[in-house]
Amino acid sequence: MPEMGLKTLITDIKAPMARDPAVKSVAEVILCYPGVHALIVHRSAHWLYLRKVPLIPRLMSHLNRFFTQIEIHPGATIGENFFIDHGSGIVIGETSEIGDNVMMYHGVTLGGTGLEKGKRHPTIESNVVIGAGAILLGNIRIGHDSKIGAGSVVNKSFPPHSTIVGVPGREVSRKEGIYQI
């Protein structure tokens, strides 16, 4: 996980510039991208959370949600070059782990499935794209270089290079020129 600092801030600002064709300038990203704002606040709250500072990280998370409509628990671990596009309605739970170069669209939930203790939220490996409105539940793992379709509900793990669609989420693969489920 990247340590909070200037290098991480620059990387967080560069992520939408590399992935969003609508970006016109660095100033636009800094001033107008709630995903970047949410990530900056989260990295500060996470830093405090890891140092066992009481209450303040959760308060920062709450205020972050109020201003950006993006809820990231301060316990969630987020890698480098994470990009939240059109971030409204995102929820990332406490034990979620997100790798490097992940792109997430609006309305995504990385949630738990009950009141169990310990690891209870998804792990998203590097280079994954999660479509709008996708819901990933429980202690599952999504392998690197995978794609999750918009509106999918995923409650089991998938290997690297998967394309996951539907309710419940299932892998589709390309064989003999057509997609098969």
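This note's numbering runs 33 ahead of the 1-based position in the sequence shown.
Ideal Cβ placement from N, Cα and C applies to all residues, glycine included.
* **Reduced DSSP category for ASP133 - H, G, I as helix; E, B as strand; rest coil** => Within the sequence shown, residue 133 is the residue found at index 100, counting from 1. Three-state DSSP puts ASP133 in coil, outside helix and strand.
* Can you tell which of HIS139, ALA165, HIS177 has the C-alpha that lies nearest to the C-alpha of GLY132? -> Sequence index remark: in the sequence shown, residue 132 carries index 99 (1-based). Selected option, being the one with the closest Cα: HIS177.
* Would you mind sorting PRO87 into buried or exposed? The rule is 16 or more other CB atoms within 10 Å of its CB. => In the sequence shown, counting from the first residue as 1, residue 87 sits at position 54. It is exposed - the Cβ of PRO87 has fewer than 16 other Cβ atoms within 10 Å.
* State the DSSP-derived secondary structure class of ILE173, mapped to helix, strand or coil. => Position 140 of the sequence shown holds residue 173. Reduced to three states, the DSSP call for ILE173 is coil.
* To do: Determine the extent of the beta strand (DSSP E) in which PHE191 is found, giving its start and end residues.
  => Here residue 191 refers to the residue found at position 158 when the sequence shown is read from its first residue. No beta strand (DSSP E) holds PHE191; DSSP gives it neither H nor E.
* May I ask which residues mark the beginning and end of the beta strand (DSSP E) holding THR196? => Numbered from its first residue, the sequence shown carries residue 196 at position 163. Here the beta strand (DSSP E) through THR196 covers 196–198.
* Asked: Which of helix, strand or coil does DSSP assign to LEU88?
  -> One-based indexing of the sequence shown puts residue 88 at position 55. Coil.
* Are the segment 48–62 and the segment 121–131 in contact at 8 Å, needing three or more beta carbon pairs? -> no
* Using the Cα positions of LEU148 and PRO155, report the straight-line distance between them to the nearest angstrom. => Counting from 1 along the sequence shown, the entry for residue 148 is found at position 115. Counting from 1 along the sequence shown, the entry for residue 155 is found at position 122. Roughly 15 Å separates the two Cα atoms.
* Are the beta-carbon atoms belonging to GLY171 and ASP118 less than 8 Å from one another? -> For the purposes of this step, residue 171 is taken as the residue at position 138 of the sequence shown. For the purposes of this step, residue 118 is taken as the residue at position 85 of the sequence shown. Not closer than 8 Å, so no.
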